[in-house]
Each structure stands twice: as structure tokens, then as C-alpha cells.
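In terms of my numbering, the sequence shown opens at residue 15 and continues consecutively.
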Amino acid sequence: LDDIEVDVVIVGAGWAGLAAGARLLHAGATVAVLEAGDRVGGRARTVYFGDGAVPVDAGAEWIAMYGNKPEETMYGVLRDVTNACGMPGGAVLRDYGKTDKGYSSAFRHHLPGEGEMSQIKGNAYMKDLWTGGGGFLDFAKKGRKTYSEVLDAYKKKTGPDKVEAEFLSTMLNFDINLRFGVSPEGLTPKLGPVGGEGSMLHLAGRFGSLAEAYARCEQVSMNIADSVILGATATEIDYDAEGEGTAVHYVSGGRAGRVTAKAVLVTVSLGVLKAKEITFSPPLPAVKADAIENLGFGVIDKWIGYWRRDAEVPWDVDGGLWNTLVG
15 LDDIEVDVVI VGAGWAGLAA GARLLHAGAT VAVLEAGDRV GGRARTVYFG DGAVPVDAGA
75 EWIAMYGNKP EETMYGVLRD VTNACGMPGG AVLRDYGKTD KGYSSAFRHH LPGEGEMSQI
135 KGNAYMKDLW TGGGGFLDFA KKGRKTYSEV LDAYKKKTGP DKVEAEFLST MLNFDINLRF
195 GVSPEGLTPK LGPVGGEGSM LHLAGRFGSL AEAYARCEQV SMNIADSVIL GATATEIDYD
255 AEGEGTAVHY VSGGRAGRVT AKAVLVTVSL GVLKAKEITF SPPLPAVKAD AIENLGFGVI
315 DKWIGYWRRD AEVPWDVDGG LWNTLVG
């Protein structure tokens, strides 16, 4: 393979790599993006069931905005791609509105032996125990220990009854698992803030398709897809390169190649870094190597099912399906 020379080489064509590459192109830089897989999007991956008729997100599936400006979030990306290039693959966008209301309904199906909690009572719990002044989120801002320890301290201070304690535990596990994929024992409020005002969009079964549409949208990403080399596995990053910049060595189709650049952006997942599939020369500083070694990440299991439209199912198809199944 021929050597490639650009301003910046990016390792990984997930959302981080695509967005970084697009911004660099807009700034006038030349870019090469190395992607080991056969598609862009990284952990945003759409798979198809039912003879290809049913799209399902095997990875990312939510767009959440918590107090940020729309243009600084995926809201802005979705808006821009949709306006400029159309919604990918006829995707359906659902707006779930404010998260403080949606989260209260998540607990209604977790009341042991109490029946279903009313929406009015659920919202009161949200205000008194979760989002309001003196609620857990306000209390957690002061916590320097793990969420699990902070929750124990909050319960000791407020003395909740059985249902209130169950509510707090459910909300905390739900919120942390949804956002970070970890347990309350593995995260501190400083590292991973939860709660807060915001809206939530659900792009039904098309996040991988959205990444592809973004990469091909000239008006939004300057067609960053043209700068992506698929099937190119980065093997070594020489960020000294004899004082002349950076060289990234890769393998594609059994053949070796190299990209030289002024700078490199590594956007691969923590798992890839932990597996040491990429060699750094010189070795990474101890502080970065220790962070890669000691940082943890969780696993979110997904159950995916589909059925014929004329089939009888034991749940309300038109209602809160996931709540019904979880409950």
C-alpha cells in the first residue's frame, strides 16, 4: 500500500472519529480516518431482522440532551442531517419530552405488592425525593464517594420508608445504567453526573444508519466518508516519528500501510486500548497507561424480539412496552 500524508490521521470511524474528522475538514485540514471494520459508526450499529424488514440498534439508541445547547448535541446533528440530506432509511423519530416526567413512569412497575403507582404520586416522588431541593440529586452534588455510598448516606439522613427506598434505588440504577452502563458502586457524582433537565429523543432502529447518513452528507460532514479507509487496522502509532510528526502503521487486506501526519487522534474504544492491539512508540506516559489499565466499563445486555402483526402478545403493543416487559 502507498504511504499517505495528511494533516491529521484519526484512528476509529465511530461517532467521535467521524465528528472530529468533519470539523477538521470544515477547518480546511486534510484528514485520513483508519477504521478496522467494514462500516462507519463504531458502536452505533443497525442490524436487520425479519428478512431485513425490521431495523434494530445493537448499540447506541438514545439521543439525550441535559442542559446543553441543541447545536452542541446529537440534536443538532440529527436536525442538520435530516434537513440537508433527509432522515436515514425512513427512520421514525420519537420525542419523549422532559426526562423528569419519563423517569417517574419507570418506577411505577417496580412497586412490590403495592400495585401501579399513579402518575401524580410518581411525579410527587420525583420532586420530593429526586429532583427537588433536598432531593437525592441535590444531595449527591456534595458526595465524593461512589453513588452507592452516597445513596446509603442519603437514606440514613432522610429515613425513607420501604417504597421510598425502593424508588431511590430503582431511579439510581436506572439512570446510571442508561447513561453509563455501570453500577452505582463503580461511579462517583464527580465523574458521572446524573439527572438534570433535558429532553430525550429516540431514533427507532436507525442509529447506525444515521452515522452512515452523516458521513455521506456533504453539507454537514463534508462527506467525511471519503476520508475513511475501511478494513484498515491500526497496529502502531509512532507519535515521535523522528521529530517530524506522527506515523500510524496499519494493515489492510494483509498488506501494510502507513499514514504520516502532523497529529493523530485516537478515538477507539477503551476495550481496544485495554487489549493493547495498538502499540504506541514511545510508550504512553504512565498517567495515561494507568488510566487505560484501571478504568472500567459496564455491559448493557439487550433482548431483541419481534413478532407478526397478527400475533397475540401478552402486553399492550401501543403502550409502554419496555415498562411492561421490565415490570
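Note that CB positions come from ideal geometry on N, CA and C, so glycine has one too.
In the DSSP assignment, what are the bridge partners of P69?
Y62
Taking the runs of the alpha helix (DSSP H) that are 4 residues or longer, which of them lie wholly in the segment 300-331?
300-308
Measure how close the beta-carbons of G56 and V196 come, nearest whole angstrom, since I'm counting them as under 8 Å.
With 8 Å as the limit, G56 and V196 do not qualify as a contact, their Cβ atoms being about 19 Å apart.
Host beta strand (DSSP E) of G271 (start-end)
R269 to A275
Using a Cβ-Cβ cut-off of 8 Å (strictly less than) and excluding sequence neighbours within five positions of L39, which residues of its own chain qualify?
V45, S235, M236, I238 and S241
Is it true that the segment 223-230 meets the segment 258-274, where meeting means three or more beta-carbon pairs spaced less than 8 Å apart?
The segment 223-230 is not in contact with the segment 258-274.
Give the straight-line distance between the Cα atoms of D17 and G31, rounded to the nearest whole angstrom.
Approximately 21 Å, taken between the alpha carbons.
Looking only at C-alpha atoms, which of A246, V265, N308 and A98 sits nearest to V47?
A246
To the nearest angstrom, how far is it from the Cα of A41 to the Cα of A34?
11 Å
Using CA atoms only, rank isn't needed, just tell me which of T274, Y264, A248 and E232 is closest to E258.
T274
Which residues mark the beginning and the end of the alpha helix (DSSP H) in which T172 is found?
Y161 to T172
Beta bridge counterpart(s) of V242 as assigned by DSSP
V47
Look at L244 and D52 and say whether their C-beta atoms are less than 8 Å apart.
Remark: C-beta atoms of L244 and D52 approach each other more closely than 8 Å.
For V286 and I292, believed in contact at Cβ under 8 Å, the rounded distance
7 Å
Nearest by alpha-carbon distance to G136: which of A248, V25, F181 and G149 is it?
F181
Ignore the nearest five residues each way along the sequence and tell me which others in V278's own chain have a CB closer than 8 Å to its CB.
V22, V23, I24, V25, I251, Y253, T260 and V262
Going by beta carbon distance, what residues of the same chain come within less than 8 Å of A303, once the five residues before and after it are set aside?
In chain order, P297 place their CB closer than 8 Å to the CB of A303, counting only its own chain and leaving out the 5 sequence neighbours on each side.
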